[in-house]
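Its first residue numbered 19, the sequence shown is counted upward by one per residue in this note's numbering.
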Amino acid sequence: YKDAQPTDVQTADAQEEETKEETKEEELHSPAVGKLIPLTEVKDETFASEMLGTTVAVEPSDGKIIAPCDGEVINIFETGHAVCMTTRAGGELLIHVGVDTVKLEGKGFTRKVSDGAKVHAGDVLIEADLDTIKAAGYPATTMFILTNADQFGRVEKAEPGEISAGSRIMEIEK
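And the structure:
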(Lines of atoms letter the chains of each structure in order from A and count residues from 1; the text may use other names and numbers.)
(Lines give C-alpha, C1' and ligand atoms only; values in the text may rest on other atoms or scores of the structure.)
Protein backbone atom coordinates (compact mmCIF):
# COMPACT_ATOMS: atom_id res chain seq x y z
CA TYR A 1 0.00 0.00 0.00
CA LYS A 2 2.81 2.41 0.79
CA ASP A 3 4.05 2.13 -2.80
CA ALA A 4 0.55 2.81 -4.17
CA GLN A 5 -0.01 6.06 -2.27
CA PRO A 6 2.58 8.24 -4.01
CA THR A 7 1.28 7.07 -7.39
CA ASP A 8 -2.29 7.97 -6.35
CA VAL A 9 -1.15 11.40 -5.19
CA GLN A 10 0.79 12.00 -8.40
CA THR A 11 -2.26 10.94 -10.42
CA ALA A 12 -4.49 13.36 -8.51
CA ASP A 13 -1.94 16.17 -9.02
CA ALA A 14 -1.64 15.31 -12.71
CA GLN A 15 -5.44 15.38 -13.10
CA GLU A 16 -5.66 18.75 -11.32
CA GLU A 17 -2.88 20.13 -13.52
CA GLU A 18 -4.66 18.78 -16.60
CA THR A 19 -7.85 20.62 -15.59
CA LYS A 20 -5.90 23.89 -15.24
CA GLU A 21 -4.27 23.25 -18.61
CA GLU A 22 -7.67 22.75 -20.27
CA THR A 23 -8.96 26.15 -19.16
CA LYS A 24 -6.54 28.53 -20.83
CA GLU A 25 -9.19 30.07 -23.03
CA GLU A 26 -12.60 31.26 -21.95
CA GLU A 27 -15.66 33.00 -23.35
CA LEU A 28 -17.31 35.48 -21.01
CA HIS A 29 -20.94 36.38 -21.55
CA SER A 30 -22.93 39.48 -20.80
CA PRO A 31 -24.04 39.88 -17.17
CA ALA A 32 -27.26 41.54 -18.40
CA VAL A 33 -29.67 41.88 -21.29
CA GLY A 34 -29.42 45.25 -23.01
CA LYS A 35 -26.98 47.15 -25.16
CA LEU A 36 -23.20 47.06 -25.21
CA ILE A 37 -22.11 50.71 -25.35
CA PRO A 38 -18.78 52.35 -26.22
CA LEU A 39 -16.73 53.36 -23.17
CA THR A 40 -16.90 56.97 -24.38
CA GLU A 41 -20.58 56.90 -23.26
CA VAL A 42 -19.78 55.77 -19.69
CA LYS A 43 -20.33 58.65 -17.25
CA ASP A 44 -17.46 57.74 -14.93
CA GLU A 45 -13.83 58.39 -15.82
CA THR A 46 -12.47 55.51 -13.70
CA PHE A 47 -14.52 53.00 -15.69
CA ALA A 48 -14.34 54.80 -19.06
CA SER A 49 -10.53 54.97 -18.92
CA GLU A 50 -10.27 51.25 -18.01
CA MET A 51 -8.25 52.21 -14.94
CA LEU A 52 -9.47 49.07 -13.12
CA GLY A 53 -8.89 46.71 -16.06
CA THR A 54 -10.29 45.78 -19.46
CA THR A 55 -13.87 47.04 -19.37
CA VAL A 56 -17.10 46.43 -21.26
CA ALA A 57 -20.17 48.55 -20.48
CA VAL A 58 -23.76 47.34 -20.73
CA GLU A 59 -26.85 49.54 -20.63
CA PRO A 60 -29.19 46.97 -19.01
CA SER A 61 -32.82 46.62 -20.07
CA ASP A 62 -33.69 44.51 -17.03
CA GLY A 63 -32.21 44.23 -13.56
CA LYS A 64 -31.16 40.58 -13.55
CA ILE A 65 -27.36 40.54 -13.24
CA ILE A 66 -26.11 37.06 -14.04
CA ALA A 67 -22.86 35.11 -13.88
CA PRO A 68 -20.99 35.56 -17.19
CA CYS A 69 -19.38 32.12 -16.84
CA ASP A 70 -18.82 29.31 -14.38
CA GLY A 71 -16.77 30.45 -11.42
CA GLU A 72 -16.71 31.45 -7.79
CA VAL A 73 -18.04 34.55 -6.05
CA ILE A 74 -15.14 36.10 -4.15
CA ASN A 75 -17.00 39.11 -2.79
CA ILE A 76 -20.51 40.42 -3.19
CA PHE A 77 -20.66 43.93 -1.78
CA GLU A 78 -22.96 44.39 1.22
CA THR A 79 -24.77 47.12 -0.72
CA GLY A 80 -25.45 44.65 -3.56
CA HIS A 81 -24.27 47.05 -6.27
CA ALA A 82 -21.17 45.03 -7.23
CA VAL A 83 -19.75 41.53 -7.21
CA CYS A 84 -16.25 40.10 -7.72
CA MET A 85 -15.74 36.59 -9.05
CA THR A 86 -13.08 34.35 -10.53
CA THR A 87 -13.39 32.29 -13.70
CA ARG A 88 -12.11 28.79 -14.42
CA ALA A 89 -9.24 30.23 -16.48
CA GLY A 90 -8.22 32.48 -13.57
CA GLY A 91 -9.91 35.66 -14.75
CA GLU A 92 -10.80 38.09 -11.96
CA LEU A 93 -14.02 39.91 -12.73
CA LEU A 94 -15.73 42.90 -11.21
CA ILE A 95 -19.35 43.47 -12.20
CA HIS A 96 -20.40 46.93 -11.07
CA VAL A 97 -24.08 47.88 -11.46
CA GLY A 98 -24.55 51.57 -12.15
CA VAL A 99 -22.39 54.64 -11.63
CA ASP A 100 -22.04 55.95 -8.05
CA THR A 101 -24.70 53.43 -6.93
CA VAL A 102 -22.74 52.70 -3.74
CA LYS A 103 -24.39 55.92 -2.51
CA LEU A 104 -27.78 54.13 -2.59
CA GLU A 105 -26.52 52.05 0.37
CA GLY A 106 -28.21 48.92 -0.95
CA LYS A 107 -31.56 50.47 -1.87
CA GLY A 108 -32.77 48.86 -5.10
CA PHE A 109 -30.37 45.90 -4.92
CA THR A 110 -31.04 42.31 -3.84
CA ARG A 111 -28.07 39.98 -3.45
CA LYS A 112 -28.82 36.46 -4.73
CA VAL A 113 -25.50 34.82 -3.83
CA SER A 114 -23.00 34.89 -0.99
CA ASP A 115 -19.21 35.08 -0.82
CA GLY A 116 -17.69 31.73 -1.75
CA ALA A 117 -20.67 30.57 -3.85
CA LYS A 118 -19.83 28.38 -6.84
CA VAL A 119 -21.88 29.71 -9.75
CA HIS A 120 -22.68 28.62 -13.28
CA ALA A 121 -23.08 30.83 -16.34
CA GLY A 122 -26.55 32.36 -16.19
CA ASP A 123 -27.06 32.12 -12.41
CA VAL A 124 -28.58 35.32 -11.02
CA LEU A 125 -26.04 37.17 -8.84
CA ILE A 126 -27.91 40.42 -8.17
CA GLU A 127 -31.38 41.74 -8.85
CA ALA A 128 -31.25 45.49 -9.42
CA ASP A 129 -34.32 47.71 -9.55
CA LEU A 130 -33.36 49.90 -12.51
CA ASP A 131 -36.24 52.32 -11.82
CA THR A 132 -34.99 52.93 -8.25
CA ILE A 133 -31.45 53.53 -9.55
CA LYS A 134 -32.60 55.96 -12.26
CA ALA A 135 -35.10 57.73 -9.96
CA ALA A 136 -32.21 58.44 -7.58
CA GLY A 137 -30.40 60.12 -10.48
CA TYR A 138 -27.78 57.46 -11.21
CA PRO A 139 -27.02 55.80 -14.55
CA ALA A 140 -27.73 52.03 -14.48
CA THR A 141 -24.80 51.36 -16.84
CA THR A 142 -23.27 48.08 -15.71
CA MET A 143 -19.51 47.67 -16.01
CA PHE A 144 -17.93 44.29 -16.63
CA ILE A 145 -14.23 44.48 -15.80
CA LEU A 146 -11.44 41.93 -16.19
CA THR A 147 -9.21 43.29 -13.40
CA ASN A 148 -6.26 40.99 -14.13
CA ALA A 149 -6.17 41.41 -17.92
CA ASP A 150 -2.36 41.65 -17.74
CA GLN A 151 -2.26 37.92 -16.92
CA PHE A 152 -3.77 37.02 -20.28
CA GLY A 153 -2.01 37.02 -23.64
CA ARG A 154 -5.24 37.75 -25.50
CA VAL A 155 -8.29 39.70 -24.36
CA GLU A 156 -10.91 40.46 -26.99
CA LYS A 157 -13.99 42.61 -26.42
CA ALA A 158 -17.20 42.41 -28.42
CA GLU A 159 -18.31 45.39 -30.50
CA PRO A 160 -21.07 47.68 -29.17
CA GLY A 161 -24.64 46.67 -30.02
CA GLU A 162 -27.75 44.88 -28.73
CA ILE A 163 -27.00 41.87 -26.53
CA SER A 164 -28.83 39.13 -24.70
CA ALA A 165 -27.78 37.52 -21.43
CA GLY A 166 -25.92 34.78 -23.32
CA SER A 167 -24.07 37.07 -25.73
CA ARG A 168 -20.28 36.76 -25.77
CA ILE A 169 -18.79 40.06 -24.67
CA MET A 170 -15.18 39.06 -23.98
CA GLU A 171 -12.77 36.26 -24.79
CA ILE A 172 -9.66 35.64 -22.75
CA GLU A 173 -6.69 33.37 -23.38
CA LYS A 174 -3.57 32.78 -21.30
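C-beta: ideal position from N, C-alpha, C; glycine also.
DSSP, reduced to helix, strand and coil, places residue 82 within a strand of the structure shown. Within the same chain, and ignoring the five residues on either side of residue 162 in sequence, the residues whose Cβ sits closer than 6 Å to its Cβ are 49, 74, 113.
Residue 184 is not a Cβ neighbour of residue 146, given a cutoff of 9 Å.
Residue state for residue 96 is assigned as coil, using DSSP reduced to three classes.
Taking 9 Å as the cut-off, the Cβ atoms of residue 159 and residue 71 do not count as close. Following the DSSP letters along the chain, one finds residue 63 inside the alpha helix (DSSP H) bounded by residues 63 to 66.
Residue 53 sits away from residue 142, with the two beta carbons spaced by 9 Å or more.
Your pair residue 107 and residue 55 does not check out as a contact, with CB atoms roughly 26 Å apart and the cut at 8 Å. Taking residue 144 as reference, the option from 134, 168, 126, 178 with the minimal CA-CA separation is 126. Within the segment 110 to 174, the runs of alpha helix (DSSP H) that reach at least 4 residues and sit entirely inside it are, in chain order, 148 to 153.
Between residue 85 and the set 138, 51, 180, 120, the nearest pair of CA atoms involves 138.
Bridge partners of residue 53 according to DSSP: 77, 180. Just measuring C-alpha positions, the residue of 124, 129, 79 sitting nearest residue 181 is 79. Residue pairing for residue 89: DSSP places it in a beta bridge opposite 105, 137. Comparing alpha carbon positions, the residue from 179, 175, 51, 192 closest to residue 68 is 175. Assigned with DSSP and collapsed to three states, residue 72 falls in strand. Excluding its 5 nearest sequence neighbours in each direction, residue 42 has C-beta neighbours in its own chain below 7 Å: 107, 191, 192, listed in chain order. Put simply, of 90, 109, 120 the residue whose alpha carbon is nearest the alpha carbon of residue 100 is 120.
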